[in-house]
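K.L.:
Below: one structure in structure tokens.
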């Protein structure tokens, strides 16, 4: 009986967020694919790509704002550079807001008490909700990966399927982490507004650490201290280091 109740909680929670996750997955994949395709059109020659690399390499300001310019003279490196900050920022904010909505928000609205009136406990219902949230993160991963892989079939782009999969995984690191951040703040705070504010505070700290990490070679080690840095350390399409 308890298992069926928790499955129902998961289904109900998933119904509330799957559409938004699908829309964002299309936006994420479309943004990355468009960046790759526009790069091969705008900079079709090696000479043009080397000019871009020369103009951006060593620019600490660009690195702080948009992330490292590593391998920007390649299609993959440019794609990561153009999309990194935008996609990870949007993904992280979406993740924390979705978590606080389905956890603390449902309790604020009085619906959580109805859930707990069934044959389940608060801890089990919370886990069931987190399963739904991670299912939404999986939608982000699949949508992003499929669209990027489709763009990679263009001979001028040339992304291997494994590259596209690793890129998709790198993009959903931030949403997955901040789903969990939102879940924790939902347990610590008495209202959804407060839970979201605390989660945004964690987001701000992580983002600031990433900016400091990209300010110069002496601070690159700080990338290990923030989920935004983990994405950079993977270097999808170029180094493809899955360890981070």
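Residue numbers (this note's numbering): 875 to 1118. Glycine included, every Cβ here is placed at the ideal spot set by N, Cα and C.
Please state whether the Cβ-Cβ distance between residue 976 and residue 1003 is less than 8 Å.
P.N.:
Yes. Within cutoff.
K.L.:
Tell me which same chain residues have a C-beta within less than 8 Å of the C-beta of residue 894, skipping the five on either side of it?
P.N.:
If we look at residue 894 and ignore the five residues flanking it on each side, its Cβ neighbours are 968, 972 and 1010.
K.L.:
Would residue 1207 be called buried (16 or more neighbouring beta carbons within 10 Å of its own) or exposed?
P.N.:
Since the first residue of the chain shown is 875 and the last is 1118, residue 1207 is not available in this structure.
K.L.:
How far does the alpha helix (DSSP H) with residue 1117 in it extend, from its first residue to its last?
P.N.:
Element bounds for residue 1117: n/a, residue is neither H nor E.
K.L.:
Roughly how many whole angstroms lie between the Cα atoms of residue 1040 and residue 1089?
P.N.:
Roughly 26 Å between the two C-alpha positions.
K.L.:
Which residue from 924, 1108 and 934 puts its Cα closest to that of residue 1092?
P.N.:
The option with the nearest alpha carbon to residue 1092 is 934.
K.L.:
Determine the direct distance from the alpha carbon of residue 1060 to that of residue 941, and round the result to whole angstroms.
P.N.:
So the two alpha carbons sit approximately 30 Å from each other.
K.L.:
Could you spell out where the alpha helix (DSSP H) holding residue 1025 opens and where it closes?
P.N.:
996-1026 is the extent of the alpha helix (DSSP H) around residue 1025.
K.L.:
Tell me the DSSP secondary structure of residue 957 in three-state form.
P.N.:
In the structure shown, residue 957 sits in a helix (DSSP, three-state: H, G or I).
K.L.:
Looking at residue 1110 and residue 950, is the spacing between their C-beta atoms short of 8 Å?
P.N.:
Contact flag set, yes.
K.L.:
Out of 957, 1112 and 1067, which one is the CA nearest neighbour of residue 1102?
P.N.:
Nearest option by C-alpha distance: 957.
K.L.:
Quick check on DSSP: helix, strand or coil for residue 1069?
P.N.:
It is helical.
K.L.:
Going by C-alpha to C-alpha distance, which of 906, 936 and 965 sits closest to residue 1074?
P.N.:
Out of 906, 936 and 965, 965 has the C-alpha closest to the C-alpha of residue 1074.
K.L.:
Looking at the secondary structure, which residues open and close the alpha helix (DSSP H) in which residue 1104 lies?
P.N.:
Its alpha helix (DSSP H) spans residues 1101-1108.
K.L.:
Do the stretch 899-906 and the stretch 1013-1025 meet, that is, are 3 or more Cβ pairs less than 8 Å apart?
P.N.:
With the cut-off at 8 Å, the stretch 899-906 and the stretch 1013-1025 touch.
K.L.:
Roughly how many angstroms lie between the CA atoms of residue 974 and residue 938, to the nearest whole one?
P.N.:
If I take the Cα positions, the gap works out to 29 Å.
K.L.:
How should residue 875 be labelled, buried or exposed, when 16 other C-beta atoms within 10 angstroms of its C-beta is the threshold for buried?
P.N.:
Per-residue confidence for residue 875 stands at a pLDDT of 41, beneath the threshold of 50, marking its modelled position as unreliable; the derived number appears in the next sentence. Looking at its Cβ environment, which holds fewer than 16 other Cβ atoms inside 10 Å, residue 875 is exposed.
K.L.:
When DSSP labels each residue in this structure, what does residue 1056 get in the three-state scheme?
P.N.:
Helix at residue 1056.
K.L.:
Does DSSP classify residue 964 as helix, strand or coil?
P.N.:
Helix at residue 964.
K.L.:
Look up residue 983 in the DSSP assignment and say whether it is helix, strand or coil.
P.N.:
The answer is coil: DSSP assigns residue 983 none of H, G, I, E or B.
K.L.:
If you draw a straight line from the alpha carbon of residue 837 to that of residue 1098, how long is it in whole angstroms?
P.N.:
Any question about residue 837 goes unanswered here, given that the chain covers just 875 to 1118.
K.L.:
Going by DSSP in three states, residue 918 sits in which element: helix, strand or coil?
P.N.:
Residue 918 falls in the coil class under three-state DSSP.
K.L.:
Classify residue 983: buried if its beta carbon has 16 or more other beta carbons within 10 angstroms, exposed otherwise.
P.N.:
Exposed: under 16 other Cβ atoms inside 10 Å.
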